[in-house]
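Visitor: Heads up: the sequence shown begins at 1 in full-length UniProt numbering, then just goes up one per residue. Glycine is no exception: its CB is placed at the ideal position from the N, C-alpha and C atoms. From a predicted model like this one, the values you see are computed outputs, not experimental measurements.
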Amino acid sequence: MLKPSPRLCIECKGYKLLCGLSRCPLLSSYISRVSVATRISRGFVEGSTPPTALVGESGYPRVAIYMGIPPGVYGEEARNFDNPVSWHLKLGLEEIIELRSSMAMVSLPKVLVTSVGKLYESEVALAAISLRPVDTEAVVSKVLGISTNFDYLLPPTGPRVLAELLRVVGNPSTPKKLEMMIFDDVKTSEAIKELYNSNIDFYTITRALSLGLLGYRSKRKLVPTRWAITATDTIISNLLLDVVRGFQQLSDTLIFYGEYLYNKYLIILSPGSYRALWIEVWHPKAIYNPGEGLEWFEVKELRPNSFTAMDGGFLAARTSVLQYLYSIGRQARVTILREILPQYIYPVGNWQIRETVKHALSRGPILKNPVESELTNLVERFMNVPREVLKRLIEFVYEKNQLKLDSFFKNPQNAIHFSTP
Numbered sequence: 001m002l003k004p005s006p007r008l009c010i011e012c013k014g015y016k017l018l019c020g021l022s023r024c025p026l027l028s029s030y031i032s033r034v035s036v037a038t039r040i041s042r043g044f045v046e047g048s049t050p051p052t053a054l055v056g057e058s059g060y061p062r063v064a065i066y067m068g069i070p071p072g073v074y075g076e077e078a079r080n081f082d083n084p085v086s087w088h089l090k091l092g093l094e095e096i097i098e099l100r101s102s103m104a105m106v107s108l109p110k111v112l113v114t115s116v117g118k119l120y121e122s123e124v125a126l127a128a129i130s131l132r133p134v135d136t137e138a139v140v141s142k143v144l145g146i147s148t149n150f151d152y153l154l155p156p157t158g159p160r161v162l163a164e165l166l167r168v169v170g171n172p173s174t175p176k177k178l179e180m181m182i183f184d185d186v187k188t189s190e191a192i193k194e195l196y197n198s199n200i201d202f203y204t205i206t207r208a209l210s211l212g213l214l215g216y217r218s219k220r221k222l223v224p225t226r227w228a229i230t231a232t233d234t235i236i237s238n239l240l241l242d243v244v245r246g247f248q249q250l251s252d253t254l255i256f257y258g259e260y261l262y263n264k265y266l267i268i269l270s271p272g273s274y275r276a277l278w279i280e281v282w283h284p285k286a287i288y289n290p291g292e293g294l295e296w297f298e299v300k301e302l303r304p305n306s307f308t309a310m311d312g313g314f315l316a317a318r319t320s321v322l323q324y325l326y327s328i329g330r331q332a333r334v335t336i337l338r339e340i341l342p343q344y345i346y347p348v349g350n351w352q353i354r355e356t357v358k359h360a361l362s363r364g365p366i367l368k369n370p371v372e373s374e375l376t377n378l379v380e381r382f383m384n385v386p387r388e389v390l391k392r393l394i395e396f397v398y399e400k401n402q403l404k405l406d407s408f409f410k411n412p413q414n415a416i417h418f419s420t421p
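Here is the structure:
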């Protein structure tokens, strides 16, 4: 049996498939342990979608579309089945898994990604972006599996069933601005900018993008949900960064801290032009670390939008940090340290990264302008990370081994002399 490198596993997180296998062996082992029988009787499922909809990527450009329906649950009670903002700090790991596992994911046969109009006409797409839960019913032809499915980017999903008929019974209530963007013929990034500036929440924007409701009308396609999450984070954070780069630099070094679901986050904002360092440390027995020791992975953004690696977790945190910098009218050098504890054995999606970093920043700094020894002591008190990680963090925060051009040219010894022939 192939035994992937622990370092490769934490970079991959089960969705990049860097080991070359068709399916993550670590995720498969966890899926087999969590099997939940849901209330699907006589081949019929009915309830209110929270709303929830997923677009798969297997078989692209012919993909499956899943609508989440908690059997027998209606109205506002159904909302909590897909409500990351409400879950945050209120529900524990097992509670989230239990909640999500009891919601059936109902799919019609696969469709081409260009089949956007059919979804709109059937109101499936509109139900997925509704402001409130929408009554839905399905005639089930086949149960595809009763296991709970886990993913690094997505919340856990319950049993998947194939329906011969999926019908939206209730009346979807679409946000007015989103309804305007559906009928407008504008670039996708412009539509997302308009929605974000109108306070349409991140998760609704992602579903709208995934279901092909945004962008130039002649080019609209279904977008697999994982891709849509990454795209939405990237577009929103880049819109913010374009503005933030014009702000004055932060004058103080600020340290923030947050934790949730056995994940710890230390966020450091220090004076300087915008750059970012993301380091995550995985304990053994935590999902994605099959090794026996601490493993770590980093992403650097030394120039805007130039990443040493693409990572959904970093992009989620980046969005929250840039929202904060935008709100205070400053730019800064950004360092984020994430520690994943052994108890985090089931991935629940990168929403927990986005929301925990956002919450930590909203609470205000726990330390201001620390000297190097103070920051070192703080990291050692709150977190358990390898010495090499601490060294890299300190170097980035205090710009060690990074000689600034202005300091270089101010030193007479570094003067450049030109000779004339």
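What distance in whole Å lies between the Cβ atoms of Glu298 and Leu277, which are believed to be in contact at a cut-off of 8 angstroms?
Guide: Along the sequence shown, read from residue 1 onward, the residue named residue 277 stands at position 277. Along the sequence shown, read from residue 1 onward, the residue named residue 298 stands at position 298. Going by Cβ atoms, the distance from Leu277 to Glu298 rounds to 7 angstroms, so yes, they are a contact pair.
Visitor: Rounded to whole angstroms, what is the Cα-Cα separation between Ser306 and Leu166?
Guide: The residue labelled residue 306 in the question sits at position 306 within the sequence shown. The residue labelled residue 166 in the question sits at position 166 within the sequence shown. Whole-angstrom Cα-Cα distance: 43 angstroms.
Visitor: State the DSSP-derived secondary structure class of Lys221, mapped to helix, strand or coil.
Guide: Position 221 of the sequence shown, counted from the first residue, corresponds to residue 221. Under the three-state reduction of DSSP, Lys221 is assigned to coil, being neither helix nor strand.
Visitor: For Arg333 and Asp311, I'd like the C-alpha separation in whole angstroms.
Guide: Reading the sequence shown from its first residue, position 333 is the one you call residue 333. Reading the sequence shown from its first residue, position 311 is the one you call residue 311. Cα-Cα distance, rounded: 19 angstroms.
Visitor: Would you check if the segment 276–291 and the segment 360–372 touch, i.e. whether three or more CB-CB distances between them fall below 8 angstroms?
Guide: Contact fails: fewer than three Cβ-Cβ distances are below 8 angstroms.
Visitor: Looking at C-alpha atoms only, which residue of Val168, Pro133, Thr148 is the closest neighbour of Ser122?
Guide: If you number the sequence shown from 1, residue 122 lands on position 122. Answer by Cα proximity: Val168.
Visitor: Please determine, among Arg160, Val113, Asn197, the residue with the shortest C-alpha to C-alpha distance to Lys219.
Guide: The residue you call residue 219 lines up with position 219 of the sequence shown. Answer by Cα proximity: Val113.
Visitor: For the alpha helix (DSSP H) that contains Ser189, what are its first and last residues?
Guide: Position 189 of the sequence shown holds residue 189. Looking at the DSSP string, the run of the alpha helix (DSSP H) that includes Ser189 is 188–197.
Visitor: May I ask you to list the residues that DSSP assigns as paired with Arg275?
Guide: Walking along the sequence shown from the start, residue 275 turns up at place 275. Arg275 is bridged to Arg333.
Visitor: I'd like to check one pair, Trp227 with Glu57: are the Cβ atoms closer than 8 angstroms?
Guide: Sequence index remark: in the sequence shown, residue 57 carries index 57 (1-based). Sequence index remark: in the sequence shown, residue 227 carries index 227 (1-based). Taking 8 angstroms as the Cβ cut-off, Glu57 and Trp227 qualify as a contacting pair.
Visitor: Going by alpha carbons, who is nearest to Gly47 out of Val73, Ala128, Leu337, Lys193?
Guide: Start at 1 with the first residue of the sequence shown, and residue 47 comes out as number 47. Comparing Cα-Cα distances from Gly47 to each of Val73, Ala128, Leu337, Lys193, the minimum goes to Val73.
Visitor: Is it the case that the Cβ atoms of Pro51 and Ala128 are separated by a distance below 8 angstroms?
Guide: By 1-based counting over the sequence shown, the position of residue 51 is 51. By 1-based counting over the sequence shown, the position of residue 128 is 128. Yes.
Visitor: Just how far apart, CA to CA, sit residue 470 and Pro271?
Guide: Any question about residue 470 goes unanswered here, given that the chain covers just 1 to 421.
Visitor: Give me whichever residues DSSP pairs with Leu112 in a beta bridge.
Guide: Translated into the one-based positions of the sequence shown, residue 112 becomes position 112. Looking at the DSSP output, Leu112 shares a beta bridge with Arg62.
Visitor: Count the other CB atoms within 10 Å of the CB of Thr253; is the residue buried (16 or more) or exposed (fewer)?
Guide: On the sequence shown, residue 253 is found 253 positions in, with the first residue counted as 1. Burial of Thr253 is indicated by the presence of at least 16 other C-beta atoms within 10 angstroms of its C-beta.
Visitor: How would you write the range of the alpha helix (DSSP H) that Lys391 sits in, first residue to last?
Guide: Residue 391 sits at position 391 when you count from the first residue of the sequence shown. Counting along the chain, the alpha helix (DSSP H) containing Lys391 begins and ends at 387–397.
Visitor: Could you tell me how far apart the beta carbons of Ile205 and Leu195 are, in whole angstroms, since I believe they sit closer than 8 angstroms?
Guide: Here residue 205 refers to the residue found at position 205 when the sequence shown is read from its first residue. Here residue 195 refers to the residue found at position 195 when the sequence shown is read from its first residue. Right, the Cβ-Cβ distance comes to about 5 angstroms (below 8 angstroms), so this counts as a contact.
Visitor: Per DSSP, what kind of secondary structure is Thr49 in: helix, strand or coil?
Guide: Numbered from its first residue, the sequence shown carries residue 49 at position 49. Of the three classes helix, strand and coil, the one that applies to Thr49 here is strand, per DSSP.
Visitor: Within 8 angstroms, do at least three Cβ pairs link the segment 152–163 to the segment 188–202?
Guide: no
Visitor: Considering only their Cβ atoms, is the gap separating Ser107 from Ala64 smaller than 8 angstroms?
Guide: As a first step, residue 64 must be located in the sequence shown, where it is residue number 64. As a first step, residue 107 must be located in the sequence shown, where it is residue number 107. In this structure, Ser107 lies closer than 8 angstroms to Ala64 by Cβ.
Visitor: Would Ala360 and Gly293 be called neighbours here (beta carbons separated by less than 8 angstroms)?
Guide: Stepping through the sequence shown from its first residue, residue 360 is reached at position 360. Stepping through the sequence shown from its first residue, residue 293 is reached at position 293. Result no, Cβ atoms of Ala360 and Gly293 do not sit closer than 8 angstroms.
Visitor: What does the alpha-carbon distance come out to for the pair Ile340 and Leu261?
Guide: Residue numbering aside, residue 340 sits at position 340 when the sequence shown is read from its first letter. Residue numbering aside, residue 261 sits at position 261 when the sequence shown is read from its first letter. One C-alpha to the other measures close to 9 angstroms.
Visitor: Alpha carbon to alpha carbon, what distance is there between Thr356 and Tyr265?
Guide: In the sequence shown, residue 265 corresponds to position 265, counting from 1. In the sequence shown, residue 356 corresponds to position 356, counting from 1. Going from the Cα of Tyr265 to the Cα of Thr356 covers about 8 angstroms.
Visitor: Which residue from Gln323, Ser130, Pro109 puts its Cα closest to that of Val243?
Guide: Numbered from its first residue, the sequence shown carries residue 243 at position 243. Selected option, being the one with the closest Cα: Gln323.
Visitor: Excluding five sequence neighbours on each side, which residues of the same chain lie with their C-beta closer than 8 angstroms to the C-beta of Gln249?
Guide: One-based indexing of the sequence shown puts residue 249 at position 249. Pro271, Gly272, Ser273, Arg330, Gln331, Ala332.
Visitor: Just to confirm the assignment, what range does the alpha helix (DSSP H) spanning Arg303 have?
Guide: Taking the sequence shown and counting its residues from 1, one reaches residue 303 at position 303. Run containing Arg303: none in the alpha helix (DSSP H); it sits in the beta strand (DSSP E), 295–303.
Visitor: Please tell me whether Ile279 and Val186 are closer than 8 angstroms, where the distance is taken between their beta carbons.
Guide: Residue numbering aside, residue 279 sits at position 279 when the sequence shown is read from its first letter. Residue numbering aside, residue 186 sits at position 186 when the sequence shown is read from its first letter. Cβ atoms of Ile279 and Val186: not closer than 8 angstroms.
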